[in-house]
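Read through the structure below, which is laid out as structure tokens, and then see the notes.
Residue numbers (our numbering): 14 to 418.
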């Protein structure tokens with residue numbers, strides 16, 4: 014009960030601290046740039062970065078001027094901004110300064126990736142998106158929101174500020190969100206939607222993974238609202254390249270293949286592994302799927318057993334390791350990842366050191382195997398205790414592969 018009261022007290026606290034004391038002055042000082050941009054806000058548990066980057070790419074390919082705020086960076090057109098921002102949902106002062114830069118650069122659009130924390134804490138103060146879209150909502154950030162229902166409610170706050178909401182009709186959050194925004198203009202997207210033939214072909218050709226096809230369907234729906242034609246969309250999809258750390262295949266010159274991805278939720282983990290198993294099954298000489306991942310310390314503990322179970326049920330070999338343990342004991346986290354395992358114990362290897370875990374995976378791999386290194390993606394550091402240690406999965410994998418004989 015106390016935890017629930019404290020959670021709801023955070024909202025008025027941030028209204029004054031983040032909204033009135035930071036957001037309003039930032040609006041005034043920068044000349045209300047949010048009123049001069051067509052803002053598309055995208056949130057969700059999984060897929061929001063890929064969706065945001067794809068939409069930004071489509072807009073630029075269609076000769077529209079656009080800026081992007083996302084987990085992987087901040088861009089004016091295709092040029093990275095030196096704004097110094099390093100979080101998905103920046104504080105109002107930083108966000109408004111960046112929007113001021115976009116207005117000065119004569120950008121028409123801003124694609125804004127945001128989070129439940131950013132929404133709940135009024136970091137998007139004063140912003141009323143033309144379109145707000147939700148990719149999906151899985152069990153995540155419950156260490157902050159407490160329950161799945163409150164997590165959904167936090168996401169829904171964004172939808173109450175927009176002209177048009179777009180929801181995932183296939184997601185288990187759909188009915189909850191619909192109740193939250195009853196009476197408002199709402200569109201949906203679904204894997205069962207009938208798309209124009211050219212659009213369907215373009216999406217299927219570019220994205221073998223079902224979850225990325227779903228992200229692309231969302232972008233197509235947004236484009237329809239914004240006036241981007243199906244032809245402009247299909248031409249852009251054909252030239253799209255994934256962001257670093259998102260379905261990033263590494264060219265290592267080895268008989269096995271390595272994928273680095275940011276998947277760090279049960280839903281994300283399952284989606285990546287299923288996609289890899291399907292790709293293996295379609296090969297003439299299929300190999301195995303090996304996965305290396307961990308669960309973050311001081312974050313939602315409930316997802317750890319679920320992720321351990323998912324990995325062992327789908328992958329041929331699961332290597333449990335560290336992923337930002339912070340002040341928690343790594344072995345304690347790994348033990349929790351094993352709590353739901355009633356079988357497949359022979360498919361699990363536990364190696365606390367992430368570099369050693371990756372080295373083991375590379376040494377164990379056989380020709381045609383896929384190795385998925387998950388959870389860190391594009392990130393450049395890993396948190397041990399209270400210290401951020403330089404770390405990048407792509408660099409580590411590349412270094413270890415080069416040392417292999």
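We treat Cβ as the ideally placed atom computed from N, Cα and C, and that holds for glycine. Fair warning: this is a prediction, and the values are worked out from it, not measured in the lab.
Comparing alpha-carbon positions, the option among 245, 74, 18, 291 lying closest to residue 91 turns out to be 74. The beta carbon of residue 168 lies closer than 8 Å to those of 56, 57, 129, 132, 147, 150, 186, 190 in the same chain, with the five residues before and after it left out.
Our two residues, residue 188 and residue 280, have alpha carbons roughly 18 Å apart in a direct line. Collapsing the DSSP output to three states places residue 290 in a helix. A straight-line Cα-Cα distance of about 37 Å links residue 317 and residue 176.
Remark: C-beta atoms of residue 275 and residue 106 do not approach each other more closely than 9 Å.
As the crow flies, the alpha-carbon of residue 348 is around 32 Å from that of residue 18. Within the stretch 21–74, the runs of alpha helix (DSSP H) at least 4 residues long that lie entirely inside it are, in chain order, 37–43, 61–74. A distance below 9 Å separates the beta carbons of residue 391 and residue 84. Taking a C-beta distance under 9 Å as the contact criterion, residue 302 and residue 183 do not qualify as a contact pair. Taking C-beta separations shorter than 6 Å and ignoring five residues to either side along the sequence, the partners of residue 226 in its chain run 216, 220, following chain order. Residue 209 sits exposed, since fewer than 16 C-beta atoms from the chains shown fall within 10 Å of its C-beta. Secondary structure at residue 107: helix, using DSSP grouped into helix, strand and coil. For residue 318, the enclosing alpha helix (DSSP H) stretches over residues 316–327. The Cβ-Cβ distance between residue 109 and residue 43 falls below 9 Å. Residue burial annotation: residue 50 is buried, with at least 16 other C-beta atoms found within 10 angstroms of its C-beta. Non-local beta-carbon contacts of residue 230 in its own chain, meaning distances under 8 Å to residues more than five positions away in sequence, involve 202, 203, 204, 206, 208, 216 in chain order. For residue 241, the closest of 314, 256, 122 by C-alpha to C-alpha distance is 122. Across the set 264, 336, 127, 396, the C-alpha of 264 shows the shortest separation from the C-alpha of residue 414. The three-state secondary structure of residue 79, taken from DSSP, is strand.
Scanning 324, 224, 384, 88 for the CA closest to the CA of residue 356 turns up 324.
Rounded to whole angstroms, the separation of the alpha carbons of residue 299 and residue 223 is 20 Å. DSSP places residue 135 outside both helix and strand once states are collapsed to three, so it counts as coil. Scanning its chain for C-beta atoms nearer than 7 Å, with the 5 sequence neighbours on each side dropped, one finds around residue 64 the residues 55, 148, 228, 231, 232, in chain order. The three-state reading of DSSP puts residue 377 in helix, counting H, G and I together.
Assigned with DSSP and collapsed to three states, residue 177 falls in strand. For residue 30 and residue 258, the gap between their C-alpha atoms comes out near 34 Å. Segment contact: the stretch 352–367 against the stretch 320–336, three or more CB-CB distances shorter than 8 Å; contact assigned.
Counting of Cβ neighbours within 10 angstroms places residue 376 among the exposed residues, the total staying below 16. If you look at residue 260, you'll find it isn't in any beta strand (DSSP E); DSSP assigns it neither H nor E.
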